[in-house]
Structures are given as structure tokens and as C-alpha cells.
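Working notes for the structure below.
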Amino acid sequence: MPFIPHTKEDIDAMLAVIGVASIDELFDEIPPALRSAGLKHVPSGMNEMEITRLMHERAERDGRRLNFIGAGAYEHHIPAAVWQIATRGEFYSAYTPYQAEASQGTLQLLYEYQSMMASLTAMDVANASLYDGASALAEAVLMAVRLHKTSRRVLMPATIHPAYRKVVHALVRDQNIELVTVPYCARRGHTIPNALESYQGGDYAALVVPQPNFFGVLEPVDELTAWAKANDMLVVAVVNPVSLALLQPPGVWAGGGADIVVGEGQPLGVPLASGGPYFGFMACRKAHVRQMPGRIVGATVDRDGKPGYTLTLQAREQHIRRSKATSNICTNQGLAVTAATIYMALVGADGLADVARASHANACRLAQALAKLPGVSRAFSGPVFHEFVVQLTEPVESVLRSLKAQGILGGFALTRDYPELGDALLVCATETKCDDDLMRYADGLQRILGSCVVAASSALQSSTI
Amino acid sequence: MTTPAHLKYARSHEWVKQDADGTVIVGITHHAQEMLGDLVFVEAPVVGRKLKKGEECAVVESVKAAADIYAPLSGEVVAVNADLADAPEKINADAYSSWIFRLKPDDISELSGLLDAADYQKITDQEKH
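See below:
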């Protein structure tokens, strides 16, 4: 049901029925002292022409640079049909589908989205989405603790996205839940199953397992899952949805699979858009569904026996039981999910696999080209998906600045979050890059590092004179 | 439906039946299931849990609402009715034969603090308007 505003005639007629002279009168219970008289420090509004001009000017400042940054948000090609359909009024302005009888279109779309995500992750049920990957992980940690019932400690690998770990910490800190960091292998770039021995018998509610991890490296998910299960822990998987077109889905890890799966859905048809809005996906085993937060759409029949859809299991939600709700979320990322569902339907399972393969192939070619350059080395020996870490002999921030001056966004600097890696750079290549782009990056980096060598050697010469 | 005379009742619409071995079984009344509508899920307390009288200990969920069940007596949960896991609608069909959990009471004299059938009937009659 699209948003259809009332006309003045509609409003006057409704006011006449209830016997009120104006809409303002309906608020006259609010004491005058509390009523807002206007926002003194906010400048007056601009008209459409002025605002459009301002936005154009700002957009031009972004420039047009070749983007090799991944780190949780990935630039993929979005077919034109996706947003052409998603911006239809019925999708664009539809409200939360509380009234099933007036929202069958929205509900059907959400049901199809849930079905696709459940299928992609090989789990029993998915919800209608959460805000983003980071908060989805926080919800999963809270859910795992509720399900485990006895422990309030969760094992969190250091290879999980640093921003995700900060968000989870912020959300669970005051709920008496402890996050214990699990270190990674400096050589391979992933969590070491053998190192988990030290946590044995330590009483944890869950082990979080990324795939791929923040470094782009593939984790030994079967071993990690098996260990967690053997030690009475739930497994929370954090996955890249595009990678699932090629990798074993978390529903079958170590045979029995993970308990809860979350991740960032942005790669599925949602533009980078300066950081959002994105959407978080969540799926779980059927046995755990009553502890899963977020909206869930179910299929049913109406009183005439015709198929229909409705929000279901609403006793988990705060509008039914506030203090006992599984979360205070009472929404989903409807528009982003609409785009993702259309994207997945358009590209299909085969198309998604093509995207994944092409992205990975580009990343491998770029990694090979960069690793050949003097002053550049691959940080980790473990296999990767479409992203990799290189270590440089020059300060990474100044290299990135020089690359940016050449119109290239070289990657995500890891020095702040992983200082132990030194001058390390996380580089991503998706299907949007062609061989010329990869060569341009390699040549550009070579020139920058080469000129550093020249500067160093000339400084050496002048100092020996 | 007449309120069975051999049971005791709480104001919060639980019924209690004392068994020969000194334990009691607890369920919800016909009036309660009627108000809730078709039940879809019963979350029973964990066996072994110790309850205080009046404490929230279980949840019944229907298509339109979720309601807490309160312990009518203090005691320890010694059993739960496994039938209700797959067929919560049994409570709708016959509320007084569908017990939810069995309690070993700390102090059986607390039973006298509960309502008898006539007093409970008066309360439900008032609630109907």
C-alpha cells in the first residue's frame, strides 16, 4: 500500500465528523510551555532548486576514483532494474506491514527475501532483516546468551571486523556479557583451532566464526564449529552473502552447522552510499526461532483458503511484550531488503556465483601483480575470498595519499586496528574492475614505492658526499 | 462451563490440583484460555527451578497475545507436561485436564490462601461484561 496523502477536503471532512476545528486543536492537551515554537538555531529551509544545486556541488567533491576498498562494504554492479523497481511507490513509501490485509505485496516480498536468505545460508528460518551487519552480530550474541542459559561469556575472534567488535561491545557491555578475544595466526591470517584448547572447560555461551574474516582470509570453519559444539557452545556465523554462492554455507559447517547466522547484506544490490543505509541479515535453526529478534513473515491461508502472508511470532517483539521482548527492534530495513530481493531474483544463484568468481579472480590477479613489486609482500598465506592484506615498506597512509592523488583508492589501512601488522593494507577487487584497472593500480603503486626508493638512495648518496 | 469444585484457583487465572503424593499440578482456567484465543505455544518452566509464590514462571502464547503464568505456591518444579509442546491447543479443548507443570510445594498450607471454585466463579462473572 503506497503512501497517499490526504487532501485539504479529506482533512476538513474528518475534522467535521469528530467535531474539531483544526488539527492543532487535537494537541491542546500539551501545555503551551512544552510546545516547540520553532528551531531557533536551525537555518530556514532551502527550496528544491537550491538544495539540488548544493547536493550536486557536494557530489562533485567526491570525485571519481578507482575503488579498491572493501573492509565490510563492497562495490558490486547493481543492475538498473533493481532500483527502477525498488523506487516504485508501492515499495518506496509502504509502511511496516502491521495490517496484513492491506500489505500483502510487502509481506510477500519479505517472505521471498527470508526464503532466499535461508536458502543461501542453508538455515531453517531467516528474519526480515536488522539494521546492519554489526548490530546483527550484537543481536546474535544476545540471542546466543539467552539460548545457552548458563554462560554469559562469548568467544570473539580478533579476525572479526573491528567496527563489529566495537558495536557488539557497546551493546552488550551493560548487560553483564563478557566478550573474550581469540587471537589469530600471524602467518596464516585466521583463527587457529589448536589455540582454542586454552579455552576448553572455560564455560562459554558461544563462539563467533567469520567467513571470510576481516582480512579476506578463509577460516577453518568446520574445525572451529566442531570444537564449539563439542564444548557445549553455540556457533554464531558472520558471513559475506556473495561468498556463499561459492563457499560451504554455515548451515552445513561440521555437518550439523551453525546455530545463528548473521552478516552484512549490502553487497546484494545496495550501493555504497557513503556508509548506508545497509541491512543486516539473520537466520537460525528452527528450534531457536522464538529467541530470534526482528520481524518474521509467515505464509498462511485466509478464511477463504487463499494463500497469504502475515507478521508472525510477534510475542517475541516489544509491541506485544515489552520487557520480555527478544530485542527492542520493531522495524526492518525494508527498502534495502526490497533492492536485495530484486537483485537476488534477477541474478539468480548462477549469477551470484559469477559475481563471486569474477570478484575473486580479479583479487587474485591484483594480489599477484602487487606482490611482485619491490616493497610489497602478502601478509598471510591462508586462502582468501576477493580481499587480501599486503604489507609495505613505506608508511601506508602516505602511500594511500599518493595513490589518491592518482585517482586510486588503494584500500583500507590496518595500522590503527591491527598495529602488530605494521604498514598493512587491506585490498579488495570486485567484478567491477577490468584488467586495465588492476594494471593501473600496480603501476601506480610501483611508481610511488619506486620514487621512495629513489629518494632514499639519493639521500644516501648526498650524505656520503 | 462450570468451574470444577475440587480445584483451587488464583486470581491470575491459574488452577491448582493437589495429588495424593503431596505435589500439585498447575494449569490455566477455561476463562483464561477463552480470553487468550487459540494457543500456539506454551513455554513451561525448567524442571528443577525453585519458584516463589506469585513469581512469573511460564508463558502461554496465542495468536493475539502472550500471557505470563504465575506460581500459585512456592516450591520446586518437578515435571512439565510434554504433550503441550506439540499440541498447545489441548488447553483450549479442555483447560482443566491440561496441566502445565507439577510443583513440589514448600508449604502446602499456602493452598488455603487460594480461592475456591465459587469465589473464582464470582471474579470471572464480574470480568464478563
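Residue numbers (the numbering used here), protein chains in the order written: chain P, 1 to 465; chain R, 1001 to 1129.
Quick reminder that beta carbons are idealized off the backbone N, C-alpha and C, glycines included.
Residue i versus residue j - alpha carbon distance
i: residue 177 of chain P; j: residue 152 of chain P; result: 5 Å
i: residue 1007 of chain R; j: residue 143 of chain P; result: 39 Å
i: residue 361 of chain P; j: residue 161 of chain P; result: 23 Å
i: residue 464 of chain P; j: residue 376 of chain P; result: Residue placement at residue 464 of chain P cannot be trusted, given a pLDDT of 48 that sits under 50; what the coordinates show is reported in the next sentence. Each residue's alpha carbon lies about 28 Å from the other.
i: residue 90 of chain P; j: residue 118 of chain P; result: 25 Å
i: residue 338 of chain P; j: residue 1056 of chain R; result: 40 Å
i: residue 1034 of chain R; j: residue 1011 of chain R; result: 16 Å
i: residue 1119 of chain R; j: residue 1099 of chain R; result: 21 Å
i: residue 1083 of chain R; j: residue 1094 of chain R; result: 13 Å
i: residue 76 of chain P; j: residue 359 of chain P; result: 9 Å
i: residue 371 of chain P; j: residue 386 of chain P; result: 15 Å
i: residue 172 of chain P; j: residue 18 of chain P; result: 47 Å
i: residue 212 of chain P; j: residue 184 of chain P; result: 13 Å
i: residue 29 of chain P; j: residue 39 of chain P; result: 21 Å
i: residue 1091 of chain R; j: residue 232 of chain P; result: 34 Å
i: residue 1049 of chain R; j: residue 411 of chain P; result: 54 Å
i: residue 355 of chain P; j: residue 430 of chain P; result: 8 Å
i: residue 245 of chain P; j: residue 365 of chain P; result: 20 Å
i: residue 389 of chain P; j: residue 71 of chain P; result: 11 Å
i: residue 293 of chain P; j: residue 138 of chain P; result: 11 Å
i: residue 5 of chain P; j: residue 97 of chain P; result: 18 Å
i: residue 199 of chain P; j: residue 1073 of chain R; result: 42 Å
i: residue 182 of chain P; j: residue 165 of chain P; result: 12 Å
i: residue 325 of chain P; j: residue 44 of chain P; result: 41 Å
i: residue 192 of chain P; j: residue 227 of chain P; result: 11 Å
i: residue 186 of chain P; j: residue 380 of chain P; result: 7 Å
i: residue 1027 of chain R; j: residue 1038 of chain R; result: 16 Å
Partner residues on chain R for residue i, Cβ-Cβ distance less than 7 Å
i: residue 321 of chain P; result: 1066
i: residue 315 of chain P; result: 1061 and 1066
heavy atom of the ligand ATP below 7 Å from residue i C-beta
i: residue 1034 of chain R; result: In terms of ligand content, the structure shown is empty, and the ligand ATP therefore cannot be addressed.
Residue from the options whose Cα sits closest to the Cα of residue i
i: residue 414 of chain P; options: P:395, P:430 and P:405; result: P:395
i: residue 260 of chain P; options: P:127, P:96, P:15 and P:311; result: P:127
i: residue 1022 of chain R; options: R:1078, R:1051, R:1039 and R:1117; result: R:1078
i: residue 86 of chain P; options: P:97, P:109 and P:65; result: P:109
i: residue 223 of chain P; options: P:204, P:253, P:448 and P:242; result: P:253
i: residue 79 of chain P; options: P:268, P:279, P:297 and P:103; result: P:268
i: residue 104 of chain P; options: P:225, P:307 and P:345; result: P:307
i: residue 1063 of chain R; options: P:279, P:298 and P:30; result: P:298
i: residue 288 of chain P; options: P:191, P:273 and P:234; result: P:234
i: residue 1105 of chain R; options: R:1124, R:1059 and R:1052; result: R:1052
i: residue 210 of chain P; options: P:220, P:55 and P:37; result: P:220
i: residue 1047 of chain R; options: R:1125, R:1014 and R:1102; result: R:1102
i: residue 1032 of chain R; options: R:1110, R:1068 and R:1043; result: R:1068
i: residue 262 of chain P; options: P:401, P:121 and P:48; result: P:121
i: residue 1009 of chain R; options: R:1122, R:1018 and R:1115; result: R:1115
i: residue 352 of chain P; options: P:243, P:134 and P:107; result: P:243
i: residue 428 of chain P; options: P:436, P:60 and P:67; result: P:67
i: residue 1065 of chain R; options: R:1041, R:1081 and R:1080; result: R:1041
i: residue 374 of chain P; options: P:420, P:443, P:315 and P:205; result: P:443
Coil, strand or helix - residue i by DSSP
i: residue 156 of chain P; result: strand
i: residue 391 of chain P; result: strand
i: residue 1067 of chain R; result: strand
i: residue 1018 of chain R; result: strand
i: residue 329 of chain P; result: coil
i: residue 1027 of chain R; result: strand
i: residue 216 of chain P; result: coil
i: residue 87 of chain P; result: coil
i: residue 117 of chain P; result: helix
i: residue 308 of chain P; result: strand
i: residue 464 of chain P; result: Any reading at residue 464 of chain P must be qualified, since the residue scores a pLDDT of 48, below 50, and its modelled position is unreliable; the value itself is stated next. Three-state DSSP puts residue 464 of chain P in a helix.
i: residue 472 of chain P; result: Within the shown structure, residues of chain P are numbered from 1 to 465, placing residue 472 of chain P beyond reach of any answer.
i: residue 36 of chain P; result: coil
i: residue 1062 of chain R; result: strand
i: residue 1011 of chain R; result: coil
i: residue 75 of chain P; result: coil
i: residue 61 of chain P; result: helix
i: residue 282 of chain P; result: strand
Cβ of residue i within 8 Å of any chain A Cβ
i: residue 228 of chain P; result: Protein chains in the displayed structure are P and R, and chain A is not among them.
Proximity test, Cβ basis, 8 Å: residue i and chain R
i: residue 309 of chain P; result: no
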